[in-house]
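Asks: Heads up: the protein sequence lines correspond to chains S and Y, in order.
Once you know that position 113 of the first sequence is 124 in my numbering, the rest is easy, because the numbers rise by one and skip nothing.
Once you know that position 74 of the second sequence is 741 in my numbering, the rest is easy, because the numbers rise by one and skip nothing.
Every residue, glycine too, gets a C-beta built ideally from N, C-alpha and C.
Quick caveat, the model's predicted, so the values are computed rather than measured.
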Amino acid sequence: EAQVTQNPRYLITVTGKKLTVTCSQNMNHEYMSWYRQDPGLGLRQIYYSMNVEVTDKGDVPEGYKVSRKEKRNFPLILESPSPNQTSLYFCASRQGRGGSYEQYFGPGTRLTVT
Amino acid sequence: AQKVTQAQTEISVVEKEDVTLDCVYETRDTTYYLFWYKQPPSGELVFLIRRNSFDEQNEISGRYSWNFQKSTSSFNFTITASQVVDSAVYFCALSEAGGYNFNKFYFGSGTKLNVKP
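Dropping the structure here:
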């Protein structure tokens, strides 16, 4: 089954404790992306990757890091989480560039930073 | 400036009523794509439709229909004879094909639809 998986689905942590949210897709997609969803703001793009070792900032990259060492994986790293990073996070992938390809979303990771 | 505006924060209707969700977008590109996604209470994002800027034909899929009007930069979504299962947050999104932003997706803030029995 074609899918995007994220782990963990729920995470409660404390300020400053480094964490990683994993994202994996089994569709051999080149393009992957991370979003955060906040009430009243919709989804905002954090980072995206066009292929292995190629990443770029989205609209809200501050406080986040990503890496793309393998095509299927695109982890999101919070080196020093802060309460304003409490949010619902989605990973997504699609076959190619631009909107001509459907974007597949993971199930979401709800992060709470206290 | 927001690229995608969904002015309706929340809408409540009674089952079987028709409802239209508004979406207004902003872009300078001549080639772009518009999307609608549904987010039910369970939280996942469900793809509903993609439309490119060269195809202004309205689309109907069962009880769902979409009205794309370039002249007003709008891509509105209508649910006919709404059902309780339609209760969700609906997002409109834009992807530009040209320039530096071709890998970016811009989402509206979402419209929460409550369908009451």
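Is SER709/Y buried or exposed, if buried means 16 or more other CB atoms sit within 10 Å of its CB?
Replies: Exposed is the call here.
Asks: Where LYS779/Y and ALA674/Y are concerned, what is the direct C-alpha to C-alpha distance, given to the nearest angstrom?
Replies: Taking the straight line from one Cα to the other gives about 11 Å.
Asks: Using Cβ-Cβ distances below 8 Å, what residues of the stretch 708 to 725 of chain Y are close to chain S?
Replies: Within the stretch 708 to 725 of chain Y, the qualifying residues are GLY710, GLU711, LEU712, PHE714, ARG717 and ASN719.
Asks: Between which two residues does the beta strand (DSSP E) carrying MET43/S extend?
Replies: Element bounds for MET43/S: 42 to 49.
Asks: Comparing C-alpha positions only, which one of THR672/Y, VAL680/Y and ASN770/Y sits nearest to VAL751/Y?
Replies: Minimum Cα distance to VAL751/Y is reached at VAL680/Y.
Asks: If you count every other CB in all the chains shown that lies within 10 Å of the CB of ILE178/S, and 16 or more means buried, which is it?
Replies: Summary: the structure shown does not reach residue 178/S, with chain S confined to residues 12 through 125, and so no result is reported for it.
Asks: DSSP three-state label for LYS82/S, please.
Replies: If DSSP states are grouped into helix, strand and coil, LYS82/S belongs with coil.
Asks: Output yes or no for whether 9 Å exceeds the beta carbon distance between LYS41/S and MET61/S.
Replies: Sequence check: residue 41/S is Glu here, not Lys. In contact: GLU41/S and MET61/S (Cβ atoms closer than 9 Å).
Asks: Go ahead and pull the three-state DSSP assignment for SER91/S.
Replies: Coil.
Asks: Please say whether GLY53/S and GLY775/Y have beta carbons closer to each other than 9 Å?
Replies: Yes. Within cutoff.
Asks: Assess contact between the stretch 678 to 698 of chain Y and the stretch 743 to 762 of chain Y, defined as three or more Cβ pairs (one per stretch) separated by less than 8 Å. Is contact present?
Replies: These segments touch.
Asks: Compute the beta-carbon to beta-carbon distance between TYR700/Y and ALA764/Y, rounded to the nearest angstrom, for a pair I have assumed lies under 8 Å.
Replies: So it is a contact: roughly 7 Å between Cβ atoms.
Asks: Please compile the residues from chain Y whose C-beta is within a distance smaller than 9 Å of the C-beta of TYR59/S.
Replies: Simply ASN770, LYS771 and PHE772.
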